[in-house]
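When the letters of the sequence shown are read in order and numbered with the numbering used here, they come out as residues 27 to 259. Below you'll find the structure, written out as structure tokens, and then a few comments.
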Amino acid sequence: MNLMELKKSLSENKLDKLYIFTGEEVAVMDIYINKISKLFNGNVVHAETLSTVVSRLKSKSLIFSDKSLFIIRDDKEVTSAEKIWDSLKKGTFQKDNTIMLVYNNLDKRGKFYKSFIDHIVTFEPLATEVLLKYVNKDLKLSKTKAEYLIHICQNNYNKLLLEMDKVKCLANNKHISDEQAFDLCVKGNAFYIPPEGEIFDLLNAILQNNIDETYKQLQMFVKRGDSPLAIMS
27 MNLMELKKSL SENKLDKLYI FTGEEVAVMD IYINKISKLF NGNVVHAETL STVVSRLKSK
87 SLIFSDKSLF IIRDDKEVTS AEKIWDSLKK GTFQKDNTIM LVYNNLDKRG KFYKSFIDHI
147 VTFEPLATEV LLKYVNKDLK LSKTKAEYLI HICQNNYNKL LLEMDKVKCL ANNKHISDEQ
207 AFDLCVKGNA FYIPPEGEIF DLLNAILQNN IDETYKQLQM FVKRGDSPLA IMS
């Protein structure tokens with residue numbers, strides 16, 4: 027299942043009995059987890075493992091007498107429990123309930139991934155054009171500055187939210203514009219820039235024929251011990 031198919035089914039208020047979410051775009055993933063939780067007509071339970079869910083399904087506890095959405099994160103036991111895979115896919119295992127398995131990462135070469143491919147939604151980093159719309163909703167920045175934020179966050183919306191929050195908080199605290207707050211953040215090195223992101227500062231200086239900045243960034247490049255192959259690529 028891809029993200030568009032998931033979005034379409036939720037817009038039609040159609041819920042499945044099994045969801046498997048994975049990927050590095052955690053913020054977008056959380057948005058869809060919340061959407062499903064709101065659409066689900068029953069209890070929403072955060073469980074540690076599928077085995078604890080089994081005991082609750084078998085029990086006659088009044089607390090869990092209604093149908094439930096069980097959200098389970100990084101339960102590795104499921105990925106090797108082949109005996110229950112068919113019943114999970116058919117929905118007979120969960121009966122009237124829904125199970126959502128959430129993983130930071132899944133091996134696409136593994137048997138579990140291949141077996142549940144129709145139920146897995148992978149949350150990949152969003153395109154720059156999409157993220158620009160999110161930035162423009164919350165901040166009044168030029169396109170160049172917005173793209174800079176997106177770039178240093180490596181198109182990760184979750185990281186982008188954190189950096190945008192720094193700009194908003196500084197702008198509110200200092201009673202200045204978002205543009206001014208952004209400039210102060212850059213000047214004060216408030217933004218987190220991963221080593222591979224800083225390589226582009228050197229590339230930009232070269233492309234702009236800025237000799238002083240080029241040598242400055244080259245010194246930083248050597249000091250960080252960045253790979254020459256990375257800048258060549």
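All C-beta atoms in this analysis are idealised placements derived from N, C-alpha and C, irrespective of residue type, glycine included. Every value quoted in this text rests on a predicted model; they were computed, and no experiment measured them.
| Asked | Found |
| --- | --- |
| Which class does Phe217 belong to by DSSP, given the choice of helix, strand or coil? | coil |
| Does DSSP put Arg82 in a helix, in a strand, or in coil? | helix |
| Between the Cα of Ala107 and the Cα atoms of Ser94, Asn131, Lys93 and Tyr139, which residue gives the shortest distance? | Tyr139 |
| Going along the chain, which unbroken runs of the alpha helix (DSSP H) with 4 or more residues stay wholly within the segment 79–159? | 111–116 and 137–141 |
| So, are the CB atoms of Thr48 and Ile146 less than 8 Å apart? | yes |
| Along the chain, which unbroken stretches of the beta strand (DSSP E) at least 3 residues long are found entirely within the segment 183–213? | none |
| Count the other CB atoms, across all protein chains shown, that sit within 10 Å of the CB of Gln120; report buried if there are 16 or more and exposed otherwise. | buried |
| Are the segment 93–104 and the segment 122–133 touching, with three or more C-beta to C-beta distances below 8 Å? | yes |
| Would you kindly work out how many angstroms separate the C-alpha atoms of Cys195 and Asp204, rounded to a whole number? | 10 Å |
| Ser113 to Lys33, Cα distance in whole Å? | 25 Å |
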